[in-house]
Every structure is written in C-alpha cells, then in structure tokens.
Amino acid sequence: MIDERFWGYMFAPNCFIRFKTFGLWTKEESFMKTFLPKEALVYVEEREEALDCSMAHNVSMLADGQLSLCCLDYEGEMGLPNLRDTSVVELLRSPQRTAIAKDSMKAEVCRRCQGNLFVFDTEAASGAAVALDKFGRGWHPFEPDMNGIGGRWSNGEAWTYLLARQDNNLLALRFLSVHDSASPLTVQLREYDEASKQFGIVLQEQTFFGTQNQVTEVELPLHLRTGKMYRIDLLSPTFTPGEPDGGGDQRKLGLVLFDATMRHGESTLPALPAELPPPEREPIQEAPVEMAEETAVALAPAAAVATPVALGTIQRWLNRLVRRP
Ligand code: SF4
829 MIDERFWGYM FAPNCFIRFK TFGLWTKEES FMKTFLPKEA LVYVEEREEA LDCSMAHNVS
889 MLADGQLSLC CLDYEGEMGL PNLRDTSVVE LLRSPQRTAI AKDSMKAEVC RRCQGNLFVF
949 DTEAASGAAV ALDKFGRGWH PFEPDMNGIG GRWSNGEAWT YLLARQDNNL LALRFLSVHD
1009 SASPLTVQLR EYDEASKQFG IVLQEQTFFG TQNQVTEVEL PLHLRTGKMY RIDLLSPTFT
1069 PGEPDGGGDQ RKLGLVLFDA TMRHGESTLP ALPAELPPPE REPIQEAPVE MAEETAVALA
1129 PAAAVATPVA LGTIQRWLNR LVRRP
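When we follow our numbering, the leftmost residue of the sequence shown carries the number 829, and every step to the right adds one.
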C-alpha cells in the first residue's frame, strides 16, 4: 500500500504483483491516429541503438494469459509465450525474454516506443518555401540563442523528413561549418516506399562546400514529387569540442543548421560560372572568428553565398568549441 492507495501485492521479498491500467499515451501513434484528422500522415522513426530498458526486466501478463515485459506491449507484440502454454519460470528463462531484457531494441514495440513520432501536414502547399522541420536522428537539441536566430548542431550524419506538398526542385540551406572550407559536405535524398515501409536507395546526391566559420547559404537542386515522403541526409565531418574551461561536452559535432527549406523555382543566389575551380584548401583556423567582407562563393552545381558570422553569441561558443578536426 502506498498513500492509502491499493496498487498490488508483494508475494515474496522484492517481488511484487501490480495490477496496472494503460492509457492511450502508451502508443502515441494509435493515439494520434485516433484524434488527428484522417488525412494527417503519422510516421514513426524507430530507434536503432541498443538499449537496456529497465521496464524490459519486468514481467507482465495480459488478461488472456499472454506474457509480456512491459505495459506498453498491451497487444502482446513481443512474441513471448502464453502462460497457458508455459510457466513463469520458463518464461524467465526464455531466449526471447533474455534477448529483449539485454537489448530492448530487439522488439519492434520497443524500437517504436523509444523512437520519434512525426505528424506531417498533407494539405497542398501554396508555392512558397516549405520548411524542413521534422528533424530525425543525428541532431543535437535546438539552441534558441545560437547566432541570434537559433540553430542546431548535427553529429555529422543527420537527416530530416519531408512530405512533399508540391513539386520542389531546390533545397536551400543556411548553415555554419567549422571545418576547412575545402571539406566536402553532402546531401542525399531517399524516397519512402509504402510497400516495404522503408526509405530506399539514394536517389540523388549533391556535394557542396561551406566557408569555414561563416554562415553559408546554398541552394541545391533536389527534385521532390508531390505526395511523396523523403528523407534528406546531411553528411559532414565531425569533431569533438575541446573545452579549455574543463567542460564535459563530448558530443560529436558536424554542421550547425539554421534553416532548411524546399521550394520550386529558380535559384535566387548569384549565377555560377561553370568553369569555377574547386575551392583551395585553407589552413584550419584556430584563432577566434573574425569579421570579413561579404563574399560570394560559387560552386557547381549548387549556388552558395557565405556571409560573416555576427560577432556575439556564435563567436563565444566557437571560441570554446573550435579545434583541429
Ligand atoms: S523500450 Fe518502451 S516498450 Fe520496451 S520495455 Fe522499455 S518502456 Fe517498455
């Protein structure tokens, strides 16, 4: 008994039987589908990294005797035996239980439980740019005070999702790279296959460059068809920040992304001379970011414009973070 409320029995030392109800919150996807407009698209990005979830060390039983490890598995999807066919002892020794207790990502219900859930707007777009706002794996939390406009670090292999609500042909990125300006950065496009429920092979790939320690804008030709869902990977080198003040930040960092939008139309960035040579390698700066004249960098096939970083917030954290990658 806790606080006069009945919650179950202790039938042996440290062994409890608890009767538990569940709520719709336990399965966000079915909850969302129940209450969202029918046309809304719900997508669950499953977790992939191994996880030792404490809940998977429990044993649960459904009303029909079906055994499970967690109240979230209220439909018995973990594939464990039924108490009518086995004993609790056999269940505890079963390879399925051992595997899931060791790494709960062996069970789909757990991968979805620990994953990310996205709801996509399905209404036709008006022709304006559509923001990529479904940040999948590989992004560190959004930092609202970054450069005064807010941005987020990638870990070097990050991606976003987009449901194309109109045909698009340009991906505009505004980002900051702390890497050598000759470091190639890559965008890859994959399309979602309804039948296999997976994103397939890379359909398109673009290489582009930033200017070290400056905010750069690029417009990359990526073709998206109305009604299709896409995954857009953003690949970049990574480094681990060295913190002279002794902080413990050990995150792998790639680019800082401020904005990402898709639209249809002509590029608004300066036209590019086709014969422009690739940028020369520059020594890695270890000094603080300096203000520079606005420069335009043209890179085939995408246009790019680099603008100096406003001194202020971004300089302070770059001073702390930048080191030779
Ligand atoms: S990952 Fe989620 S579903 Fe799996 S055992 Fe843990 S809490 Fe339960």
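Think of the CB as a built atom: it goes at the ideal place given N, C-alpha and C, for glycine as much as any other residue.
{"Check": "Quick one: measure Cβ to Cβ for Ser922 and Leu1083, integer angstroms, because I've assumed they're closer than 8 Å.", "Outcome": "Incorrect: roughly 45 Å between the Cβ atoms, too far for contact."}
{"Check": "Roughly how many angstroms lie between the CA atoms of Gly966 and Glu985, to the nearest whole one?", "Outcome": "6 Å"}
{"Check": "Check this for me: beta carbons of Met1090 and Ala952, under 9 Å apart or not?", "Outcome": "no"}
{"Check": "Looking at the structure shown, is Gly976 part of a helix, part of a strand, or coil, going by DSSP?", "Outcome": "helix"}
{"Check": "Quick check on the contact list: which residues have their beta carbon closer than 7 Å to a heavy atom of ligand 1?", "Outcome": "Leu879, Cys881, Met883, Ala884, Leu897, Cys898, Leu900, Asp901, Ser932, Ala935, Val937, Cys938, Cys941, Gln942"}
{"Check": "Looking only at its chain, what residues have a beta carbon closer than 6 Å to the beta carbon of Tyr1020, apart from the 5 residues adjacent to it on each side?", "Outcome": "Phe1027, Met1057"}
{"Check": "From the DSSP secondary-structure annotation, give me the bridge partner or partners of Glu895.", "Outcome": "The sequence given here places Leu at residue 895; Glu does not occur at that position. Paired residues: Met889."}
{"Check": "Buried or exposed: Cys941, going by 16 or more other Cβ atoms within 10 Å of its Cβ?", "Outcome": "buried"}
{"Check": "Measuring alpha carbon to alpha carbon, tell me which residue in Gly836, Gly1038, Phe863 is nearest Ser1064.", "Outcome": "Gly1038"}
{"Check": "List the endpoints of the continuous alpha helix (DSSP H) containing Val1006.", "Outcome": "Premise fails: Val1006 is in no alpha helix (DSSP H) and is neither H nor E."}
{"Check": "Name, in chain order, the residues that DSSP records as bridge partners for Gln1034.", "Outcome": "Val1015"}
{"Check": "On the DSSP bridge assignment, give the partners of Asn944 in chain order.", "Outcome": "Glu873"}
{"Check": "Locate the alpha helix (DSSP H) running through Thr1066, then write down its first and last residues.", "Outcome": "Note, Thr1066: premise wrong, no alpha helix (DSSP H); not H, not E."}
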